[in-house]
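Asks: The structure under discussion is supplied below as structure tokens; questions concerning it will follow.
Protein chains: 2
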Amino acid sequence: MTIMVGLEQKLKIAGHKLTPARLAVVEVLETQHDHLNHNQILDEGRKLYPKLSRATVYRTMDLLVELQLVRPLYLNDPTQRFVSAAGGHHHLVCCKCGETVEFEHCTADPLAQELAEKYGFQIFNHLLEFQGLCIKCH
Amino acid sequence: MTIMVGLEQKLKIAGHKLTPARLAVVEVLETQHDHLNHNQILDEGRKLYPKLSRATVYRTMDLLVELQLVRPLYLNDPTQRFVSAAGGHHHLVCCKCGETVEFEHCTADPLAQELAEKYGFQIFNHLLEFQGLCIKCH
DNA sequence: CTATAATTGAGATATAATCTCATTATGGGC
DNA sequence: GCCCATAATGAGATTATATCTCAATTATAG
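Residue numbers (this note's numbering), protein chains in the order written: chain Y, -6 to 131; chain X, -6 to 131.
What follows is the structure in structure tokens.
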């Protein structure tokens, strides 16, 4: 998630302590690939800070979600995963093999504006997911 | 999910048996509101067919997903929920209180066409979710 | 350096999802 | 209408995921 640089400073600015446990989690998010779930973050995090506990991973991710730095997302298994909350996130998922392809071009932003006004929402980001069969599966 | 009429016939056509357990699940999907999770389907289903087991609810939903009649989706808790797979599904979610608002107008369809060609996917449906704060929470 | 309030880890607990296997029952063939 | 093969089921065990509790620790302001 190279987009996620600076989480550390943002945590500090929001008035949260920079503990080694949090720094390990943040370091993992900043260096590893996208779509990590709690278990993966825990495993990677323990390489940096062996005492890291599962509860702290859950709590830190809750915090990052609340601060709108990260957003949750589910793919083809029942574990919550995370991506950068910046802007939007767009992918195709194959419902057979679970392969996912990310893409950039998206037409949702003007819509966000319109919906924000219509429903009084303050909109931070969006997720656009297309489901279908990948080239191998059909 | 009034859009989901005819699940029964579609199951039959696809070569699956119309057992009372399946009929109960399908009946629940066709009459109750959207976004039901496995537990809710189980509870409602047992009102129609008391023997209904949890495993059968999971298996039936797997089947309906595989047949592209229904699509999974997660809101603000860690349980899988289901909506009709027809076309697309669009909503706003409040990340604080979890309130969701559905809307219809969507700009994703032309994009689907384009992506299908570019990545060789056969696209069936999509999910567009905006995250933010609802009018009460900001 | 100290005080204090936030944060943590470990394990217990709760919830969700999956698996197993003996039993049952649907639907095609006759 | 009846049989049979095979799909489907239920109950409960198991596994995976998420949440909670509380005593102990530690980051930071002053």
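Beta carbons are placed, not taken as given, at the ideal position from N, Cα and C, and that holds for glycine.
Listed from N- to C-terminal order along the chain, which residues in the region 86 to 105 of chain Y have their beta-carbon within a distance smaller than 8 Å of any beta-carbon of chain X?
Replies: Cβ contacts with chain X come from C87, C88, V94, F96, H98, C99, T100, A101, P103, L104 and A105.
Asks: Should T(-5)(Y) be flagged as near chain X, meaning a C-beta pair shorter than 8 Å?
Replies: Annotation note: pLDDT 48 at T(-5)(Y) (below 50); position unreliable, coordinate value reported separately. No, T(-5)(Y) does not count as interfacial toward chain X.
Asks: Find the residues of chain Y that neighbour L126(X), judging by a C-beta separation of less than 9 Å, and give them in chain order.
Replies: What L126(X) touches in chain Y: F114, Q115, I116 and F117.
Asks: For E110(X), count neighbouring C-beta atoms within 10 Å of its own C-beta (all shown protein chains included) and say buried if the count is 16 or more, exposed if not.
Replies: E110(X) should be labelled exposed.
Asks: Taking contact to mean 3 or more Cβ pairs, one atom from each stretch, closer than 8 Å, check whether the region 64 to 75 of chain Y and the region 99 to 106 of chain Y are in contact.
Replies: At 8 Å Cβ cutoff, the stretches do not touch.
Asks: If you drop the 5 nearest sequence neighbours on each side, which residues of the same chain put their C-beta closer than 7 Å to that of E20(Y)?
Replies: These residues qualify, in order along the chain: L41.
Asks: At 9 Å on the CB atoms, spell out the chain Y contacts of Y67(X), in chain order.
Replies: The answer, in chain order, is P65, L66, Y67, P71 and Q73.
Asks: Flag V58(X) as yes if its beta-carbon sits less than 8 Å from any beta-carbon of chain Y, otherwise no.
Replies: Yes, V58(X) lies at the interface with chain Y (some Cβ there is under 8 Å from its Cβ).
Asks: Which residues share a DSSP beta bridge with R74(Y)?
Replies: Partner(s): N30(Y) and L66(Y).
Asks: At the level of alpha carbons, what is the spacing between T53(Y) and H119(Y)?
Replies: Between T53(Y) and H119(Y), the C-alpha separation is close to 22 Å.
Asks: Compare the C-beta of E122(X) with all C-beta atoms of chain Y and state if any pair is closer than 8 Å.
Replies: Chain Y, which has a Cβ nearer than 8 Å to the Cβ of E122(X), makes this yes.
Asks: Could you name the residues of the region 20 to 54 of chain X whose beta carbon sits closer than 8 Å to any beta carbon of chain Y, in the order they occur along the chain?
Replies: Flagged: no residues at all.
Asks: Note down, in chain order, every chain Y residue with its Cβ under 7 Å from the Cβ of L62(X).
Replies: Within 7 Å Cβ-Cβ: nothing; L62(X) doesn't reach chain Y, min ~12 Å.
Asks: Against L133(X), what residues of chain Y qualify as contacts under a CB-to-CB distance less than 7 Å, listed in chain order?
Replies: With chain X covering only -6 through 131, there is no way to say anything about residue 133(X).
Asks: Please determine, among V58(X), I128(X) and C99(X), the residue with the shortest C-alpha to C-alpha distance to K89(X).
Replies: For K89(X), the nearest C-alpha among the options comes from I128(X).
Asks: Quick check: F114(X) and L126(Y), are their CB atoms within less than 8 Å of each other?
Replies: Yes, these two residues count as a Cβ contact at 8 Å.
Asks: Of all the CB atoms in chain X, is at least one closer than 8 Å to the CB of H9(Y)?
Replies: Judged by the 8 Å Cβ criterion, H9(Y) is not in contact with chain X.
Asks: Can you confirm whether V76(X), when its beta carbon is compared against all beta carbons of chain Y, has any partner nearer than 8 Å?
Replies: Chain Y contact via Cβ: absent.
Asks: For the alpha helix (DSSP H) that Q115(X) lies in, which residues bound it at each end?
Replies: Segment Q115 to L126 is the beta strand (DSSP E) holding Q115(X); no alpha helix (DSSP H) there.
Asks: For P95(Y), name the three-state secondary structure that DSSP assigns.
Replies: One detail in the question is off: residue 95(Y) reads as Glu in this sequence, not Pro. Reduced to three states, the DSSP call for E95(Y) is strand.
Asks: If G81(X) sits next to L121(X), beta carbons under 8 Å apart, how far is it from one beta carbon to the other, in whole angstroms?
Replies: Correct: roughly 7 Å between the Cβ atoms.
Asks: Taking the continuous beta strand (DSSP E) assigned at V(-2)(Y), which residues delimit it?
Replies: No beta strand (DSSP E) contains V(-2)(Y), which DSSP labels as neither H nor E.
Asks: Shortest alpha-carbon distance to Q2(Y) belongs to which of H131(Y), T93(Y) and L57(Y)?
Replies: Comparing Cα positions, the closest option is L57(Y).
Asks: Could you tell me the boundaries of the beta strand (DSSP E) in which L60(Y) lies?
Replies: It is not in any beta strand (DSSP E) - L60(Y) carries neither H nor E in the DSSP assignment.
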